[in-house]
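**Student:**
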Amino acid sequence: MGRRLCVTLFTLTLLGCGGGDGDPAGPSNLTPVEGTWTFFENLSSSDQAVRCDDEGRLDFVRSHGALVAEGAQRGSCTGPGGPVDNSGVDSLRDLHITATTMAFTFGGCAYTATLIASPPDSLAGSVTCAAQSPAVSGTWFAARGLDQGPPTVSGTQVPPTGDTLFVPKDTFRVTVAAEDDRKLLWVGYRLGPPASMQDSVRVVAVSGQGTFELPVAIPTAWLGDTPLTLFARDAFDRVTEQPAGVLRVHDLVRRPLHIVTLGTRASDIEYDAKRDLIYLLEQEAGQVATLRLSDFTFGTALPIMTDYPATIGVGMDLSPSGDSLLVAITTPPTVQVLNLVTGGTSDVTITDAGSDGQILHDVQVAAGRAFVYGDRSAAGFVTGRLWELDFANGVLQPRLDAGGGGNGSLGLSTEFATSGDGSRLLLVDTPVRCMQVFSAAAGFSPCTEPPGALVFRPSGSVDGSSWLVRHLLYNSDLAVTAAPVAEGTPAGVMAPDGSVAYFPSPFGIDIVQLPAGTVRDHIRIPVAVARLTLLPEVNRVAVWTDGPLGGDGFGLDQITIVDLP
Numbered sequence: 005m006g007r008r009l010c011v012t013l014f015t016l017t018l019l020g021c022g023g024g025d026g027d028p029a030g031p032s033n034l035t036p037v038e039g040t041w042t043f044f045e046n047l048s049s050s051d052q053a054v055r056c057d058d059e060g061r062l063d064f065v066r067s068h069g070a071l072v073a074e075g076a077q078r079g080s081c082t083g084p085g086g087p088v089d090n091s092g093v094d095s096l097r098d099l100h101i102t103a104t105t106m107a108f109t110f111g112g113c114a115y116t117a118t119l120i121a122s123p124p125d126s127l128a129g130s131v132t133c134a135a136q137s138p139a140v141s142g143t144w145f146a147a148r149g150l151d152q153g154p155p156t157v158s159g160t161q162v163p164p165t166g167d168t169l170f171v172p173k174d175t176f177r178v179t180v181a182a183e184d185d186r187k188l189l190w191v192g193y194r195l196g197p198p199a200s201m202q203d204s205v206r207v208v209a210v211s212g213q214g215t216f217e218l219p220v221a222i223p224t225a226w227l228g229d230t231p232l233t234l235f236a237r238d239a240f241d242r243v244t245e246q247p248a249g250v251l252r253v254h255d256l257v258r259r260p261l262h263i264v265t266l267g268t269r270a271s272d273i274e275y276d277a278k279r280d281l282i283y284l285l286e287q288e289a290g291q292v293a294t295l296r297l298s299d300f301t302f303g304t305a306l307p308i309m310t311d312y313p314a315t316i317g318v319g320m321d322l323s324p325s326g327d328s329l330l331v332a333i334t335t336p337p338t339v340q341v342l343n344l345v346t347g348g349t350s351d352v353t354i355t356d357a358g359s360d361g362q363i364l365h366d367v368q369v370a371a372g373r374a375f376v377y378g379d380r381s382a383a384g385f386v387t388g389r390l391w392e393l394d395f396a397n398g399v400l401q402p403r404l405d406a407g408g409g410g411n412g413s414l415g416l417s418t419e420f421a422t423s424g425d426g427s428r429l430l431l432v433d434t435p436v437r438c439m440q441v442f443s444a445a446a447g448f449s450p451c452t453e454p455p456g457a458l459v460f461r462p463s464g465s466v467d468g469s470s471w472l473v474r475h476l477l478y479n480s481d482l483a484v485t486a487a488p489v490a491e492g493t494p495a496g497v498m499a500p501d502g503s504v505a506y507f508p509s510p511f512g513i514d515i516v517q518l519p520a521g522t523v524r525d526h527i528r529i530p531v532a533v534a535r536l537t538l539l540p541e542v543n544r545v546a547v548w549t550d551g552p553l554g555g556d557g558f559g560l561d562q563i564t565i566v567d568l569p
């Protein structure tokens with residue numbers, strides 16, 4: 005037989021601990037322990053100067069009615085002289101087994117243990133190496149079968165439903181999965197500082213998992229990255245710890261929101277305060293969808309003209325009374341008036357002397373009248389044009405005083421905004437680069453140079469005393485008063501009182517204080533924010549979210565309504 009090595013003096017010089025054949029247990033011993041067992045032991049001297057940690061295997065074989073056994077171990081001892089190897093093989097001697105106990109000597113040390121289960125599948129007890137100098141003693145345990153290695157562990161953080169990240173006041177969840185070649189006992193996780201929390205669950209199986217949830221909401225103090233560690237412990241007390249990245253808590257806040265998927269792409273939205281409805285112009289479907297804000301369900305759609313090519317950019321607006329919805333039809337150039345009280349419709353066509361043809365894009369209601377924007381072709385030239393709808397006689401006449409090019413000519417991508425009270429209209433033109441304000445008393449103001457951008461999406465305060473155009477803030481005379489955000493920031497929308505503006509951000513919406521530009525809050529929106537439309541009457545904002553049809557912010561097939569603080 006080979007020899008098992010063991011500790012001796014403080015110098016930890018290794019000496020043989022005996023050898024020879026093992027002593028067989030008699031045939032009367034019928035306790036079924038035959039086979040391979042894996043064991044672990046931890047020993048130390050009384051003054052803790054010497055410590056040994058070993059593991060190995062015990063092989064029990066019944067031969068000719070007698071039970072013989074051999075052990076093999078690997079491990080090391082640490083003492084004043086440093087670590088030394090404590091590995092080797094030896095026979096088990098003085099082997100005595102009852103229905104509930106086991107005793108033997110191995111490598112000059114005495115082992116006793118209590119058998120667990122029937123038939124036994126594990127055992128635990130004490131070990132004493134009294135003949136060594138210094139003497140060492142400790143505990144050991146074993147389980148039936150050969151353990152090939154420690155467990156494996158992995159895990160997944162579970163963000164809030166519908167999102168991919170965590171913010172303060174969220175609930176942290178993590179699912180930990182583990183596997184062992186024999187049997188697990190525990191799986192768990194540990195969060196480092198500043199959280200400094202951990203939890204585990206007992207799993208008695210070859211594989212299993214546990215899902216953990218923090219009993220408290222994530223506090224603001226955890227902003228940033230907190231190290232996350234996963235661990236698993238098997239039946240042999242082997243522990244595997246696996247770094248699992250970090251719990252990243254973003255400096256964002258959540259607001260109540262409702263995400264509604266549309267049946268088709270919409271090009272414009274309008275809020276009806278009288279009826280608490282949002283109208284969504286679905287020109288490809290030839291209808292205006294009606295979304296109830298009371299329960300976020302769709303009502304009966306309003307049909308519009310369908311005998312025209314579908315064109316992105318078709319717009320609509322409510323009449324000054326709020327009882328009709330005006331829809332700009334592209335071809336034939338028509339303003340369709342949907343009576344929201346009676347359900348009837350009427351059409352207003354274009355009259356424009358000298359024009360070869362027209363295409364309409366949008367309609368804006370301000371100063372008690374409707375302005376219709378589109379393209380006009382004359383003698384081979386195509387320019388933008390603004391017409392005014394006369395509600396009294398139902399005709400459209402061109403506004404020749406608009407724009408900086410003369411004769412009412414505008415660019416082909418002119419944009420508009422109205423003040424919250426509907427008294428003023430802001431016109432931002434390109435490529436002539438003219439910005440004007442219209443009021444009933446003064447008409448169109450002289451041109452002012454707009455910001456250097458191709459898309460403006462302007463918005464105004466309730467009385468038109470402030471206008472937000474891209475990154476610049478203007479007063480009623482269109483003089484620049486502040487630059488609250490950096491040039492190139494996605495276009496935002498101003499609150500009615502002009503105190504704040506809402507801007508799309510990579511994580512949702514930033515609330516920016518005006519005119520200072522200080523970010524007051526970062527609102528988390530778990531969808532890509534392409535454009536914002538403010539619903540000031542209900543203190544909400546509508547988020548334009550492009551889906552598989554595109555990402556340009558000019559159309560949407562999903563709308564998200566967010567409650568503002």
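When you read off a place in the sequence shown, starting at 1, and then add 4, the result is the number in the working numbering.
Think of the CB as a built atom: it goes at the ideal place given N, C-alpha and C, for glycine as much as any other residue.
Being a predicted model, the structure only gives us computed values, none of them experimental.
Do you know how far the Cα of R279 is from the Cα of L297?
**Tutor:** The straight-line gap from Cα to Cα measures roughly 9 Å.
**Student:** Are V191 and V210 touching if we call contact CB-CB under 8 Å?
**Tutor:** No, Cβ-Cβ distance for V191 and V210 is not below 8 Å.
**Student:** Is DSSP giving Q52 helix, strand or coil here?
**Tutor:** Coil at Q52, not helix or strand.
**Student:** Please identify the residue among D379, T355 and Q368 whose C-alpha is closest to the C-alpha of S328.
**Tutor:** Of the listed residues, the one whose Cα sits closest to S328 is Q368.
**Student:** Can the beta-carbon of L285 be found less than 8 Å from the beta-carbon of V331?
**Tutor:** Contact: yes.
**Student:** If you draw a straight line from the C-alpha of T432 to the C-alpha of G196, how long is it?
**Tutor:** Reading the sequence as shown, one finds Val at residue 432 and not Thr. For V432 and G196, the distance between alpha carbons rounds to 54 Å.
**Student:** On a CA-only basis, which of S200, D272, D184 and S137 is nearest V207? Give me that one, please.
**Tutor:** Among S200, D272, D184 and S137, the Cα nearest to that of V207 is on D184.
**Student:** Report the three-state DSSP secondary structure of I316 (helix, strand or coil).
**Tutor:** For I316, the predicted model reports a pLDDT of 44, less than 50, meaning its position is unreliable and no value from the coordinates is stated.
**Student:** Looking only at DSSP bridge pairs, what is G214 linked to?
**Tutor:** Partner(s): V180.
**Student:** V220: buried (16+ other C-beta within 10 angstroms of its C-beta) or exposed?
**Tutor:** V220 should be labelled exposed.
**Student:** Mind reading off the beta-carbon distance from S509 to H526? Whole number of angstroms is fine, and I expect it under 8 Å.
**Tutor:** Yes, S509 and H526 are in contact; Cβ-Cβ is about 7 Å, under 8 Å.
**Student:** L536: which of V542, R528 and A546 sits nearest, CA to CA?
**Tutor:** With distances taken between Cα atoms, L536 lies closest to A546.
**Student:** Taking C-alpha atoms, which residue in I515, P260 and R437 lies nearest to V459?
**Tutor:** Out of I515, P260 and R437, R437 has the C-alpha closest to the C-alpha of V459.
**Student:** Less than 6 Å between C-beta atoms, sequence neighbours within five positions excluded: which residues of the same chain meet that for L538?
**Tutor:** Correct list, in chain order: V497 and V545.
**Student:** I'd like to know if the region 57-71 and the region 164-181 are in contact, where contact means that at least 3 CB-CB pairs between them fall below 8 Å.
**Tutor:** Output reads no: the region 164-181 does not touch the region 57-71.
**Student:** For my contact list, Q517 and R524 are in at a C-beta cut-off of 8 Å; report their separation, rounded to the angstrom.
**Tutor:** The pair is a contact, with the Cβ atoms about 5 Å apart (cut-off 8 Å).
**Student:** Less than 8 Å between the C-beta atoms of P155 and D238, yes or no?
**Tutor:** Their beta carbons are under 8 Å apart, which means P155 touches D238 by this criterion.
**Student:** Could you please give the first and the last residue of the uninterrupted beta strand (DSSP E) stretch that includes H365?
**Tutor:** Here the beta strand (DSSP E) through H365 covers G361 to A370.
**Student:** Grab me the residues of Q152's own chain with a C-beta within less than 7 Å of its C-beta, minus the 5 sequence neighbours each way, in chain order.
**Tutor:** Contacts found: D185.
**Student:** Per DSSP, which one or two residues make a beta bridge with D379?
**Tutor:** D379 is bridged to I363 and G388.
**Student:** Mind checking which residues open and close the beta strand (DSSP E) that includes Q340?
**Tutor:** Element bounds for Q340: T338 to N343.
**Student:** Over what stretch of residues does the beta strand (DSSP E) that includes A128 continue unbroken?
**Tutor:** Taken as a continuous stretch (DSSP letters only), the beta strand (DSSP E) holding A128 covers S126 to C133.
**Student:** Please tell me whether F110 and D94 are closer than 8 Å, where the distance is taken between their beta carbons.
**Tutor:** A contact, by the Cβ cut-off of 8 Å.
**Student:** Quick check on this structure: which residue in P123, L342 and V72 has the alpha carbon closest to the alpha carbon of S323?
**Tutor:** Selected option, being the one with the closest Cα: L342.
**Student:** Could you name each continuous beta strand (DSSP E) segment of 3 residues or more that falls completely within the region 32-116, going from the start of the chain to the end?
**Tutor:** Listed in chain order, they are 39-48, 55-67, 70-83, 86-89, 92-95, 97-101 and 105-110.
**Student:** Output the distance between the C-alpha atoms of P164 and T175, rounded to the nearest integer angstrom.
**Tutor:** Going by the C-alpha atoms only, they are around 7 Å apart.
**Student:** When burial is assigned at 16 or more other CB atoms within 10 Å of the CB, is R403 buried or exposed?
**Tutor:** The residue in question, R403, is buried, as its Cβ has 16 or more Cβ neighbours within 10 Å.
**Student:** Per DSSP, what are the beta-bridge partners of T160 in this structure?
**Tutor:** T179.
**Student:** What does the alpha-carbon distance come out to for the pair G464 and T233?
**Tutor:** Roughly 51 Å separates the two Cα atoms.
**Student:** Candidates D567, L568 and I563: which alpha carbon is nearest E274's?
**Tutor:** Answer by Cα proximity: I563.
**Student:** Excluding five sequence neighbours on each side, which residues of the same chain lie with their C-beta closer than 6 Å to the C-beta of A277?
**Tutor:** Within the same chain, A277 has close Cβ partners E541.
**Student:** Let me check understanding here. Comparing Cα to Cα, which of L568, P569 and L560 lies closest to Y283?
**Tutor:** Comparing Cα-Cα distances from Y283 to each of L568, P569 and L560, the minimum goes to L560.
**Student:** Whole beta strand (DSSP E) runs in the region 246-332 with 3 or more residues, listed along the chain?
**Tutor:** 261-270, 272-276, 281-286, 291-296 and 320-322, all fully within the region 246-332.
**Student:** Can you tell me which of N411, N90 and V250 puts its alpha carbon nearest to the alpha carbon of D356?
**Tutor:** D356 has its Cα closest to that of N411, out of N411, N90 and V250.
**Student:** Using a Cβ-Cβ cut-off of 6 Å (strictly less than) and excluding sequence neighbours within five positions of A103, which residues of its own chain qualify?
**Tutor:** Around A103: T35.
**Student:** Are the beta-carbon atoms belonging to A182 and A236 less than 8 Å from one another?
**Tutor:** Going by C-beta atoms, A182 is nearer than 8 Å to A236.
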